[in-house]
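Student: In the UniProt record's numbering, the protein residues as written are 1 to 553.
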Amino acid sequence: MTPYDSWLPSRRRRLTPFGYCLWHECCFLVSEFHYLLEKSQQLFAGLRDLPPTGRNWQPYFHRTFEVYTKLWKYQQQHRATLESTNNYGLKRWEIGEIASKIGQLYYHYYLRTSETNYLHESFIFYTAIRDRHYFKDVLEAKSSALMIKKLRYYARFIVVCLLLNKNDVIRTLLDELTALIDEYASTFKPTDSAEWNVVLSEITVFLESEEQHHILSTNGTPFMLPNRLVTAPGNEATPLPRPVSGGAVSPVRVQEAILVGNYQNQIKFSELTLDMYRMLQSLERGPSAAGAQQAAAPPPVPQKNPSGNGPDGGDAMQVDDDASKASTNAAVATATKTAGQGYHLHRDNPHKYLLYRPTISQLLMYIATAFKDLADHSVLLLYVSADGIKPKDATPAPSATGTHHLGGVVTATPFPRRLASSVSTADAAAAADTTDAPDAPVAVNCLYPDDLVPFLRKPLFLIMDSTNSSAYAALQHSAFAQRHCCCLLSPTELPAGLAGAAGAEIGNLFTLFLHSPLRALTVLCEFSPFDAAMWSNLTGAYVALETVAADLV
């Protein structure tokens with residue numbers, strides 16, 4: 001007996017030859033779909049085992065995209081057969097789960113490449129899932145596991161919207177997620193309902209922080225400023241005024257960026273702090289059609305079914321012929337070829353590592369990897385937002401060498417967890433300041449200025465936002481510093497009126513100045529809200545000021 005014969009052994013004997021052929025074909029279609037589904041799940045599960053650095057992940061992503069493309073196209077072509085209860089009985093939430101995995105693939109590919117066009121493709125799939133109500137009947141299934149999948153989908157969707165500055169969509173999703181969590185808690189009485197309430201709290205605080213000192217649109221609602229670099233036609237960034245150098249200096253570009261968030265208490269959502277979020281967007285150009293065509297072939301974009309033959313009258317996600325052909329060739333094949341094949345992906349945005357509360361060993365490993373990958377005429381940008389640590393006695397011992405007596409910043413702190421929830425950022429920093437760095441255990445997880453000296457052999461752009469940032473001024477005494485090091489160090493003290501609010505309500509003020517100088521000035525002046533016309537006038541005046549300053553330099 002063949003594998004297909006085992007599906008309906010009793011019915012097969014009553015079928016006509018023609019009916020048997022149809023039944024055999026259905027069994028084959030179901031078997032092929034089941035194979036693609038299992039293969040895709042295996043490949044997706046293997047993504048978490050990929051190394052976070054290097055280039056070995058590219059062929060694996062390529063293969064995973066190929067299988068999911070085939071799976072998505074296959075279920076579209078044979079939707080009616082697969083949905084039949086006599087065959088497979090494909091549920092709508094299963095289709096939504098496949099689409100959600102594709103959205104996750106695009107999101108993780110964005111994290112690996114820093115290209116915002118892939119982030120936009122993730123948004124397209126997540127939006128289509130919601131518009132077509134693929135997870136609508138999950139609650140009726142009375143399965144807590146399915147409900148958790150739906151909640152996780154909403155959380156991932158919110159992260160993508162946050163990175164794309166779609167705050168209006170986030171507010172709608174937040175209302176829906178709140179209702180879902182209430183239903184989840186009342187129906188299943190789960191033990192993790194408090195954790196989901198923490199998720200709601202985090203994203204609410206995050207949005208409130210971003211919307212402080214906001215601009216009002218014409219209808220009176222907060223308007224989200226475009227935070228990324230503007231890409232002009234021809235895929236060239238809008239030029240900014242630059243000082244003219246007197247000598248012949250080779251142009252350099254930021255190739256690698258490491259963004260570290262390690263304050264004890266900080267505004268965050270998931271593993272993205274408010275400061276990391278602002279720096280991330282300051283280093284990226286926004287999605288563009290031209291950039292998407294250069295980065296990869298057209299992805300399988302979800303569209304309405306024009307024939308109206310979908311399960312609910314035209315809501316099946318379809319891929320047109322051209323996109324299908326491109327998808328069959330792997331939507332990101334051009335972006336995932338390895339360097340060994342003679343192809344180097346051109347990136348408009350610097351490649352970034354986002355590190356939320358790393359240990360000192362993890363941080364040094366990422367710095368070393370970025371240092372190794374750095375090409376000629378390129379710069380490594382290291383941004384660190386962390387509590388400072390100073391010894392009680394900053395006077396070096398007679399036999400001391402190096403800059404350890406100046407202290408540094410804390411990475412993964414060994415403070416008890418209760419400290420993070422019960423002590424403010426200022427208190428945690430004060431506790432660190434009174435710690436004897438050479439003897440206390442926290443010093444083991446401290447990033448000292450001397451730790452960065454080996455990496456000054458190549459250009460390093462250091463941005464330190466910390467209560468002990470002044471310790472890193474000692475890097476200027478390194479033999480390589482004059483040629484290969486540039487440091488931006490935050491002030492160690494803030495005005496009395498902003499000392500508490502800066503970290504608790506709007507993030508770190510120094511990072512806000514780097515992200516949006518004009519917005520930071522309005523915070524200092526306590527001048528808000530604005531209407532769009534007033535903000536436009538302020539922006540024009542600030543651009544003129546930048547031009548004058550560039551001419552003076």
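Using N, Cα and C, we set each Cβ at its ideal position, and we do this for glycine too.
1. Going by DSSP, name the residue or residues bridged to residue 409.
2. What does the alpha-carbon distance come out to for the pair residue 156 and residue 541?
3. Alpha carbon to alpha carbon, what distance is there between residue 64 and residue 40?
4. Tell whether a beta-carbon distance below 8 Å holds between residue 262 and residue 410.
5. Nearest by alpha-carbon distance to residue 211: which of 192, 103, 522 and 366 is it?
6. How would you label residue 75, buried or exposed, when you count the other beta carbons within 10 angstroms and need 16 or more for buried?
7. What is the DSSP secondary structure of residue 494, reduced to helix, strand or coil?
8. Using only the alpha-carbon positions, how far apart do residue 363 and residue 387 sit?
9. So does the segment 130-138 actually touch the segment 79-97, counting three or more Cβ pairs closer than 8 Å?
10. Beta-carbon within less than 6 Å of residue 273's beta-carbon, same chain only, minus the 5 sequence neighbours each way: which residues are those?
11. With a Cβ-Cβ cutoff of 8 Å, do residue 109 and residue 160 count as a contact?
12. Mind checking whether the beta-carbon of residue 97 lies closer than 7 Å to any heavy atom of the ligand MG?
13. Who are the Cβ neighbours of residue 96 in its own chain at under 7 Å, not counting the five residues just before and after it?
14. State the start and end residues of the unbroken beta strand (DSSP E) segment that holds residue 254.
15. Rounding to the nearest angstrom, what Cα-Cα distance links residue 370 and residue 256 in this structure?
16. How many Å lie between residue 44 and residue 475 at the Cα?
17. From the DSSP secondary-structure annotation, give me the bridge partner or partners of residue 285.
18. Roughly how many angstroms lie between the CA atoms of residue 51 and residue 533, to the nearest whole one?
19. Along the beta strand (DSSP E) that carries residue 489, what are the first and last residues, could you check?
20. Buried or exposed: where does residue 253 fall if 16 or more other Cβ atoms within 10 Å of its Cβ makes it buried?
21. Along the chain, where does the beta strand (DSSP E) that runs through residue 354 open and close?
22. Suppose contacts are defined by Cβ-Cβ distances below 8 Å. Is residue 259 in contact with residue 383 by that definition?
23. What three-state label does DSSP hand residue 516 in the structure shown?
24. Could you give the first and the last residue of the continuous beta strand (DSSP E) run that contains residue 460?
25. Is it buried or exposed for residue 491, if we count other Cβ within 10 angstroms and need 16 for buried?
26. Smallest Cα separation from residue 73: which of 127, 36, 531 and 354?
27. DSSP on residue 544, reduced to helix/strand/coil?
28. Would you identify the three-state DSSP class for residue 114, choosing helix, strand or coil?
29. Rounded to the nearest angstrom, how far is the Cβ of residue 481 from that of residue 512, given a contact under 8 Å?
30. On the DSSP bridge list, what partners appear for residue 530?
31. From residue 446 to residue 185, what does the alpha carbon distance come to, in whole angstroms?
32. What does DSSP give as the partner residue(s) for residue 378 in the beta ladder?
33. Sorted by chain position, which residues of the same chain lie with C-beta nearer than 7 Å to residue 169's C-beta, five sequence neighbours on each side aside?
34. What would DSSP say about residue 50, mapped onto helix, strand or coil?
35. Taking the alpha-carbon positions, what's the residue 139 to residue 458 distance?
36. Could you check if residue 198 is buried or exposed, using at least 16 other CB atoms within 10 Å of its CB as the buried criterion?
Tutor: The structure says:
1. Counting from 1 along the sequence shown, the entry for residue 409 is found at position 409. Residue 409 has 388 and 447 as its beta-bridge partners, per DSSP.
2. To locate residue 156, count along the sequence shown from 1; it is residue 156. To locate residue 541, count along the sequence shown from 1; it is residue 541. A straight line joining the alpha-carbon of residue 156 with that of residue 541 spans about 39 Å.
3. The sequence position of residue 40 within the sequence shown is 40, counting from 1. The sequence position of residue 64 within the sequence shown is 64, counting from 1. Residue 40 and residue 64 have their alpha carbons spaced roughly 7 Å apart.
4. To locate residue 262, count along the sequence shown from 1; it is residue 262. To locate residue 410, count along the sequence shown from 1; it is residue 410. Yes. Within cutoff.
5. Residue numbering aside, residue 211 sits at position 211 when the sequence shown is read from its first letter. If we check each option's Cα against that of residue 211, 522 comes out closest.
6. As a first step, residue 75 is located in the sequence shown; it is residue number 75 there, counting from the start. Buried, because 16 or more other Cβ atoms sit within 10 Å of the Cβ of residue 75.
7. If you number the sequence shown from 1, residue 494 lands on position 494. DSSP places residue 494 in coil when its eight states are reduced to three.
8. Counting from one through the sequence shown, the residue named residue 363 turns up at place 363. Counting from one through the sequence shown, the residue named residue 387 turns up at place 387. Here the alpha carbons of residue 387 and residue 363 stand approximately 15 Å from one another.
9. Here the segment 130-138 lies against the segment 79-97, with 3 or more beta-carbon pairs under 8 Å apart.
10. Locating residue 273 in the sequence shown gives position 273, counting from the first residue. Result list for residue 273: 261 and 266, in chain order.
11. As a working mapping, residue 109 is identified with position 109 in the sequence shown. As a working mapping, residue 160 is identified with position 160 in the sequence shown. The beta carbons of residue 109 and residue 160 sit no closer together than 8 Å.
12. What this structure holds is no ligand at all, so the ligand MG is not there to describe.
13. Within the sequence shown, numbered from 1, the residue matching residue 96 stands at position 96. Sequence-distant Cβ neighbours of residue 96 in its own chain, meaning closer than 7 Å and more than five residues away, are 129, 134 and 135.
14. In the sequence shown, residue 254 corresponds to position 254, counting from 1. 253-262 is the span of the beta strand (DSSP E), which, as asked, contains residue 254.
15. One-based indexing of the sequence shown puts residue 370 at position 370. One-based indexing of the sequence shown puts residue 256 at position 256. Their Cα atoms are separated by approximately 6 Å.
16. What you label residue 44 is simply residue 44 of the sequence shown in a count that begins at 1. What you label residue 475 is simply residue 475 of the sequence shown in a count that begins at 1. When rounded, the distance between both Cα atoms is 43 Å.
17. Within the sequence shown, residue 285 is the residue found at index 285, counting from 1. In the DSSP output, where bridge partners are listed per residue, residue 285 has 229.
18. As a first step, residue 51 must be located in the sequence shown, where it is residue number 51. As a first step, residue 533 must be located in the sequence shown, where it is residue number 533. Each residue's CA atom was taken as its position, placing residue 51 and residue 533 some 48 Å apart.
19. What you label residue 489 is simply residue 489 of the sequence shown in a count that begins at 1. In the DSSP assignment, residue 489 falls within the beta strand (DSSP E) that extends over 485-489.
20. Residue numbering aside, residue 253 sits at position 253 when the sequence shown is read from its first letter. Residue 253 should be labelled exposed.
21. Taking the sequence shown and counting its residues from 1, the one referred to as residue 354 is at position 354. First-last of the beta strand (DSSP E) with residue 354: 351-356.
22. As a working mapping, residue 259 is identified with position 259 in the sequence shown. As a working mapping, residue 383 is identified with position 383 in the sequence shown. Result yes, Cβ atoms of residue 259 and residue 383 sit closer than 8 Å.
23. Indexing the sequence shown from 1 puts residue 516 at position 516. DSSP, reduced to helix, strand and coil, places residue 516 outside both helices and strands of the structure shown, so it counts as coil.
24. Within the sequence shown, the letter at position 460 stands for residue 460. That run of the beta strand (DSSP E) goes 460-466.
25. Taking the first residue of the sequence shown as position 1, residue 491 is located at position 491. With fewer than 16 other CB atoms across the displayed protein chains lying within 10 angstroms of its CB, residue 491 is exposed.
26. Translated into positions along the sequence shown, residue 73 becomes position 73. Of 127, 36, 531 and 354, the residue nearest in Cα terms is 36.
27. Reading the sequence shown from its first residue, position 544 is the one you call residue 544. For residue 544, the three-state secondary structure derived from DSSP is helix.
28. Residue 114 sits at position 114 when you count from the first residue of the sequence shown. Annotated three-state conformation of residue 114 is coil, per DSSP.
29. As a first step, residue 481 must be located in the sequence shown, where it is residue number 481. As a first step, residue 512 must be located in the sequence shown, where it is residue number 512. So it is not a contact: roughly 27 Å between Cβ atoms.
30. Residue mapping note: residue 530 aligns to position 530 of the sequence shown, counting from 1. For residue 530, which the question treats as bridged, DSSP gives the partners 215.
31. Along the sequence shown, one-based indexing puts residue 446 at 446. Along the sequence shown, one-based indexing puts residue 185 at 185. Cα-Cα distance, rounded: 41 Å.
32. Within the sequence shown, numbered from 1, the residue matching residue 378 stands at position 378. In DSSP, residue 378 forms a bridge with 253.
33. Along the sequence shown, read from residue 1 onward, the residue named residue 169 stands at position 169. Cβ within range, chain order: 161.
34. Residue numbering aside, residue 50 sits at position 50 when the sequence shown is read from its first letter. If DSSP states are grouped into helix, strand and coil, residue 50 belongs with coil.
35. Stepping through the sequence shown from its first residue, residue 139 is reached at position 139. Stepping through the sequence shown from its first residue, residue 458 is reached at position 458. Between the C-alpha atoms of residue 139 and residue 458 there is a straight-line separation of about 56 Å.
36. To locate residue 198, count along the sequence shown from 1; it is residue 198. Under this definition residue 198 is an exposed residue.
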